[in-house]
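Engineer:
Now the structure itself:
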């Protein structure tokens, strides 16, 4: 039986967040983790999304591995600031993000999560 090894606490690399524009310009591809160390970068990306004039802004999140409650709150706040007729579409969000949205921010009409 193989036992997985972990790096001793305190030597783990700092969490990273990568944010790139989608090739068609319809939104952003986000990867990594959203937590205390990357929250400001995440909020900046969401602020950019909220400022865009397009009615649908896509966040492709298949490479996102973790989002904490503060990161989910930032997403909810950005979505709630959108003008009528606009929405943020979350493509392939991590299950944890879906659960947090369902638990604490259910039914925000400006966030769309397509069925997989």
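Residue numbers (this note's numbering): 12 to 127.
The beta carbon of each residue, even a glycine, is placed where N, CA and C say it ideally should be.
(1) Taking C-beta to C-beta, are residue 53 and residue 28 nearer than 8 angstroms?
(2) State the DSSP-derived secondary structure class of residue 49, mapped to helix, strand or coil.
(3) To the nearest angstrom, report how far apart residue 62 and residue 35 are at their CA atoms.
(4) Between which residues of its own chain and residue 124 is the CB-CB distance below 7 angstroms, once the five residues before and five after are set aside?
(5) Taking 8 angstroms as the threshold (C-beta atoms), are residue 112 and residue 76 in contact?
Structural biologist: With the given structure in hand:
(1) yes
(2) coil
(3) 18 angstroms
(4) 101, 104, 109
(5) no
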